[in-house]
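Undergrad: Handing you a structure now.
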Amino acid sequence: MGTRAETTFIVVSIFWAFIGIVCPILLQFCMGKSPNKGIVQIMFIMTAVCCYLFWLCAFLFQLNPLVGPQLESNLIRVMQYEWFGIDPTGHHHVKTT
Amino acid sequence: MGAFFRSEEMTLCQLFLQSDAAYACVSELGEMGLVQFKDLNSDTNAFQRKFVNEIMRCEEMERKLRYIEKELKKDDMKVPDSDSNPKAPAPKEMIDLEATFEKIESELREVNTNAEALKKNFQELTELKEVLTKTQVFFREYGSVGGEQSGLNVIEDAQNALVQEERGGTAVQLGFIAGVIPREKVPAFERMLWFACRGNVFLRYDEITQALEDPHTGDEVHKGVFIVFFQGEQLKSRVRKICEGFRATLYPCPETAQERQEMLKGVNTRLEDLTIVLKQTKDHRHRVLVSAQKEIHNWIIKVKKIKAIYHTLNMCNFEHSRNNLIAECWTPVKVLDQVQDALRHGQEMSGSSVPNILHRMKCKETPPTYFTTNKFTKIFQSIVHSYGVAGYREVNPALYTIISFPFLFAVMFGDTGHGFIMFLFGLWLVVCEKSLTSSKNSNEIFKMMVGGRYIILLMGLFSLYTGVIYNDFFAKSINLFGTSWKFNYTQTTLDSSHSIQMKPEDMFDNVTKSAYPLGLDPIWQASINKITFTNSFKMKLSVILGVSQMLMGVFLSIFNHIHFRHYVYILVQFIPEVLFMLCIFGYLIALIFVKWITYNAHCASCTPSILIHFINMFLMKYTKPNMTEAYNCDMMSPTGPYVQKQLGCDSQTIFYPHQQEIQTALILVALLCIPILLLAKPFILRAQHNAKMRMADGRKQALGATSHEQLVNNEELEGHELKSGENGKTGIEMAGVSSSHVAVAVSINGGTGQTAVTMDEHEEEEEKFDFGELFVGQAIHTIEYCLGCVSHTASYLRLWALSLAHAQLSEVLWGMLFRAGLKMDAPYWGGIIVWAVFGAFAVLTVCVLLVMEGLSAFLHTLRLHWVEFQSKFYHGDGYLFDPFNFKEQMDPTLEDK
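Just so you know, the protein sequences line up as chains A and B, in that order. Each number in my numbering corresponds to the 1-based position in the first sequence with 1 added. Each number in my numbering corresponds to the 1-based position in the second sequence with 40 added.
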């Protein structure tokens, strides 16, 4: 795993863990008396689980791709030039990001 | 959470109401709307019940009110909307109401009959006036024929005109008839006259331009004036009969012009008088209606409430000895205090001194299911109820549906742009909910959408998120973090071919970037093989999500087993179910994750094909690679020690040590679960039942004599006079089994009586135990579950199918419509063309992608919840709590919709 992916993994996991674990516990004290407390707690937990699982599948799927994209050559030219500043004709230009 | 996790605890109550207080108490309970009355007189028909007279009086009042409403509508006077909620009036006031309605109705009827008579008169006079004026014209014409004879008697003129050929001879007398006939009948009338009188009559006809109003129906009719000349009595009678047949009204028309003038003058005066009288009648009617209009809303509600109360009172038993009405009702346990309050209030209002009694009863009947919902949870609960009402105290799937429904919808809908539009629409509906819910706009579809505003809001919100993960924003991707694929192609490579397939082992930046942080890499949107890539992703995702949801459903059944105290079911039903699912589909998911994490492009040819391995697992077919020790993908990389040929692996060889043993074990466990699921529960239940029977028999024999005494004792206590509570516990410890067990808690009008008595008597359980039926039921359950696991997992692939369809439709709209407009090379007109093309793009996006796809995804999500999720734990065999509630009576009109 590269550095960007590792940081992403940690950040996103912490985010959804906060929503799915910490928020319901906080609610236990904030909304103590309300009859809807349980409903909101379950909503937080389920949102966190569903969304995290969804993101995780997308992430893990692209971690080790087995096939690559098939692109038109002209598009590759443009992408190389715009995103990476590589000019195959030999004139280098500063990458504009 | 308790309220929504399972349905409320309900109790059956007996109410003892004094007859004078009964009406007021029922009125209070109706305002509260929290008790459901049981019909104790279901075997008597409607006419034998006690309050049938009062109900007939109510119906009579309703009839009068309906008449008044109709009259109001005739005059285009609307019933004003008011939010007032008048309480049902006391029985004494009912007589006053009846008198008022009677007075108004009779007045209206009188006014109407008078008006009708006057209008008829008016019409006749108008017609007569027309006849007189028009015949004037006829006669003047004929008068001019004769030239100097213009002043002569018109008959002679006509005579001359008609019989000019006959010179001399006898002077014949011509008669005439004038009248008015509807315009449509004139041609037939003419023909009939011609045929009947053999052409010997002369008809002259002129239309009345002003349309006349038919007094009875109020329609407009067009009529015309006619005058028929004939000779002789025979023709006269014939013409008269024909006129009668055609419903022509005949008017006496004087012959001389002067008489006609006088008659015309008289008619005009009478017409003027009549107009004044008619106007006054109309004003009077209007006054009566205006005074009724103010009150009619309240009256209708009051009458409806009275009728409802008497219907409810009819369901109660009347006990003569104590002048009591006995009612049985279901009510949630937690509102018992409110019910007590209502009873006390009713007693105060009716001025009765004897308190009413509320009596809790236990019974074997299944109570109704009641969920307390607020405006947010109502829609989700109704979605679940549409399939089947939850059984009493069963776990409620609606709690989880709040999130899982929008989430699965969003997986199928997955576009940020469309999701955002849907979110905005839901937001508008929610923000304006007060005005939208109370408006009387009767468009059914819009009302449904307003009812579902929270679900639309959530669906839009989740679609925003899934659109970000799918990286789909109106069919375009957003490059937020920089693609993980790197480029270093030379000019020659790029020139050599039209398209290039990038190899992940070279072009994928594994070192600094690796996987794209948020969703799918933006490079894929532009690639030619995008669909192959996303197919693989979405199919696996669908299976993962599906198995997760099904597992959640199976785990929810634990709560049911624990609550209903069927602990043995956990062992015998839940564990085999979970093992079966986990061993087969849990293993599949584990394989998916392992392949994602451990295999990369360097050993692409050795990566196991999950499909093949899964099939081989069932066929027990295993191929071994050349190398026996474990290897991993990095060993095959350009820097690693091995080469593929050396390892002799392909997509079908086993890829981790002891794979064969583990997989065989899993299959065996799963197969073992099936007979356990099938056989264990019926046999265990039968053993339990037999043990209970033996115990019951044993006890019965032991207590021969004493039980009779208990029977007598208990029967006395069953009566309603529970003043003392000391003989509660006497016979019970001794009798293990005796007659009816009814646990009773008595509370008198909330608070004063401390006489809470509980007695325990056990009911003899004569339930039938049908082993055959149980066995067949369990067999069906087993087959359904095991086959269902497989078919439902496949069914979740619709998550993939619909999201693919949505993405493709979206791409078509962009590529073939909007992009075509943008690519045009017209310098100034291009702007206008783009404007028009965007209009088409927007309309199609909303109609096809939002409405059609939205409804389609909604339907599929509904199906996934109803069938795949709920079949794992939900029974749905209850009936809804239907409280006696006045809120339904608030509709201020008696018309049937």
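Beta carbons: idealized from backbone N, C-alpha and C, even for Gly.
(1) Using the three-state DSSP reduction, which class does B/Arg605 fall into: helix, strand or coil?
(2) Is the stretch 514–530 of chain B touching the stretch 45–55 of chain A, taking contact as three or more C-beta pairs under 8 angstroms?
(3) Hey, is the stretch 466–486 of chain B in contact with the stretch 72–82 of chain A, meaning 3+ C-beta pairs nearer than 8 angstroms?
(4) Considering only their Cβ atoms, is the gap separating B/Gln818 from B/Lys721 smaller than 7 angstroms?
(5) Can you tell me which residues form a DSSP beta bridge with B/Cys293?
(6) Excluding the 5 residues preceding and the 5 following B/Ser524 in the sequence, name in chain order all residues of the same chain whose CB lies nearer than 7 angstroms to its CB.
(7) So, using beta-carbon positions, are B/Val608 and B/Ile714 closer together than 7 angstroms?
(8) Could you tell me the distance, in whole angstroms, from the CA atom of B/Asp79 to the CA atom of B/Pro255?
(9) Looking at the C-beta of B/Tyr529, does it have a partner C-beta in chain A at a distance below 7 angstroms?
(10) Give a yes or no on whether the minimum CB-CB distance between A/Ser74 and chain B is below 7 angstroms.
(11) B/Leu376 to B/Lys480, Cα distance in whole Å?
(12) For the candidate residues B/Phe595, B/Phe604, B/Phe695, B/Val594, whose alpha-carbon lies nearest to that of B/Leu631?
(13) Would you mind stating whether B/Asn364 and B/Phe77 have Cβ atoms separated by less than 7 angstroms?
(14) At a cut of 8 angstroms, does the stretch 132–142 of chain B reach the stretch 287–296 of chain B through at least three beta carbon pairs?
(15) Examine chain B for any beta-carbon lying closer than 7 angstroms to the beta-carbon of A/Leu21, and answer yes or no.
(16) At the level of alpha carbons, what is the spacing between B/Glu299 and B/Leu172?
(17) Taking C-beta pairs closer than 8 angstroms, name the residues in chain B that A/Ile77 reaches, listed in chain order.
(18) Within 10 angstroms of its Cβ, does B/Gly771 collect 16 or more other Cβ (buried), or is it exposed?
(19) Between A/Leu67 and chain B, is the shortest Cβ-Cβ distance under 7 angstroms, so that the two count as touching?
(20) On the three-state DSSP scale, how would you describe B/Glu405?
(21) Quick one: using the 10 Å Cβ neighbour count with 16 as the cut-off for buried, is B/Asp512 buried or exposed?
(22) So within the stretch 466–546 of chain B, which uninterrupted alpha helix (DSSP H) runs reach at least 4 residues, ignoring any that extend past its ends?
(23) Would B/Met96 and B/Pro407 qualify as a contact pair, given that the criterion is a beta-carbon distance under 7 angstroms?
(24) Let me see if you follow: with CB-CB separation under 7 angstroms, is B/Phe604 close to chain A or not?
(25) Only counting the same chain, and skipping five residues up and downstream in sequence, which positions put a Cβ closer than 6 angstroms to that of B/Phe411?
(26) List the residues of chain A that B/Asn152 touches, going by C-beta distances under 8 angstroms, in chain order.
(27) In the DSSP assignment, find the beta strand (DSSP E) that holds B/Gly264 and state where it starts and stops.
(28) With distances taken from CA atoms, which of B/Glu388, B/Glu312, B/Glu181, B/Ser536 is nearest B/Ser67?
(29) Under 7 angstroms between the Cβ atoms of B/Phe266 and B/Phe242?
(30) Select from the stretch 552–573 of chain B all residues with a C-beta closer than 8 angstroms to any C-beta belonging to chain A, and list them in chain order.
(31) Roughly how far, in whole angstroms, is the beta-carbon of B/Asn600 from the beta-carbon of B/Phe45, given that I think they are within contact range, below 8 angstroms?
(32) Ordered along the chain, which non-local residues of its own chain (more than five positions away) have a Cβ less than 7 angstroms from that of B/Met499?
(33) Select from the stretch 637–648 of chain B all residues with a C-beta closer than 7 angstroms to any C-beta belonging to chain A, and list them in chain order.
(34) Please report how far the alpha carbon of A/Leu72 lies from the alpha carbon of B/Ile650, in whole angstroms.
(35) Starting from B/Tyr505, find everything on chain A with Cβ-Cβ shorter than 7 angstroms and list it in chain order.
(36) At the 7 angstroms Cβ level, is B/Pro544 part of the contact set with chain A, yes or no?
TA: In brief:
(1) Of the three classes helix, strand and coil, the one that applies to B/Arg605 here is coil, per DSSP.
(2) As far as the Cβ criterion goes, the stretch 514–530 of chain B does not touch the stretch 45–55 of chain A, which means the pair count is below three.
(3) Segment contact: the stretch 466–486 of chain B against the stretch 72–82 of chain A, fewer than three CB-CB distances shorter than 8 angstroms; contact not assigned.
(4) For B/Lys721 and B/Gln818, yes; Cβs fall inside 7 angstroms.
(5) For B/Cys293, no pairing in a beta bridge is given by DSSP.
(6) Taken in chain order, the residues that qualify are Phe548, Asp549, Lys553, Ser554, Ala555, Tyr556, Asp561.
(7) No. Outside cutoff.
(8) Spanning the two alpha carbons is a distance of roughly 50 angstroms.
(9) By this cut-off, B/Tyr529 is an interface position.
(10) Judged by the 7 angstroms Cβ criterion, A/Ser74 is in contact with chain B.
(11) Just so you know, the alpha carbons of B/Leu376 and B/Lys480 end up roughly 35 angstroms apart.
(12) Of B/Phe595, B/Phe604, B/Phe695, B/Val594, the smallest CA-CA separation from B/Leu631 is found for B/Phe695.
(13) If you check the CB distance, B/Asn364 and B/Phe77 do not come in under 7 angstroms.
(14) Contact between the stretch 132–142 of chain B and the stretch 287–296 of chain B is absent: fewer than 3 CB-CB pairs across the two stretches fall below 8 angstroms.
(15) Note on identity: in this sequence residue 21 of chain A is Gly, with Leu being the wrong assignment. A/Gly21 does not count as touching chain B.
(16) Taking the straight line from one Cα to the other gives about 10 angstroms.
(17) For A/Ile77, the chain B residues whose C-beta falls within less than 8 angstroms of its own C-beta are Phe527, Tyr529, Leu534, Ile540, listed in chain order.
(18) Because the pLDDT at B/Gly771 is just 36, under 50, the model does not fix this residue reliably, and the value given afterwards should be weighed accordingly. The residue is buried, with at least 16 neighbouring Cβ atoms inside 10 Å.
(19) Yes - at least one Cβ of chain B is within 7 angstroms of the one on A/Leu67.
(20) Shown here, B/Glu405 sits in coil according to DSSP, grouped into three states, outside any helix or strand.
(21) Within 10 angstroms of the beta-carbon of B/Asp512 lie 16 or more other beta-carbons, which makes it buried.
(22) Within the stretch 466–546 of chain B, the complete alpha helix (DSSP H) runs of at least 4 residues fall at 473–478, 484–491, 493–510, 531–536.
(23) Cβ distance not < 7 angstroms, so B/Met96 and B/Pro407 don't count as in contact.
(24) It does not: the Cβ of B/Phe604 has no partner Cβ on chain A nearer than 7 angstroms.
(25) Excluding positions up to five away in sequence, the list reads Ser47, Gln421.
(26) Counting only Cβ-Cβ distances below 8 angstroms, B/Asn152 has no contacts in chain A at all, with the closest Cβ about 56 angstroms away.
(27) Residues 263–271.
(28) Checked all of B/Glu388, B/Glu312, B/Glu181, B/Ser536; the closest Cα to B/Ser67 is B/Glu388.
(29) Not closer than 7 angstroms, so no.
(30) Against chain A - using a Cβ distance shorter than 8 angstroms - the residues of the stretch 552–573 of chain B are Thr552, Lys553, Ser554, Ala555, Tyr556, Pro557, Leu558, Gly559, Leu560, Asp561, Ile563, Trp564, Ala566, Ser567, Ile568, Asn569, Lys570, Thr572, Phe573.
(31) Not a contact, Cβ separation roughly 11 angstroms.
(32) If we look at B/Met499 and ignore the five residues flanking it on each side, its Cβ neighbours are Pro446, Phe449, Ala450, Met462.
(33) With the criterion set as a beta carbon lying under 7 angstroms from some beta carbon of chain A, the members of the stretch 637–648 of chain B are Ile637, Tyr639, Asn640, Ala641, Ala644, Thr647, in sequence order.
(34) For A/Leu72 and B/Ile650, the distance between alpha carbons rounds to 28 angstroms.
(35) Contact of B/Tyr505 with chain A by beta-carbon distance below 7 angstroms involves Cys52.
(36) Among the CB atoms of chain A, one or more fall inside 7 angstroms of the CB of B/Pro544.
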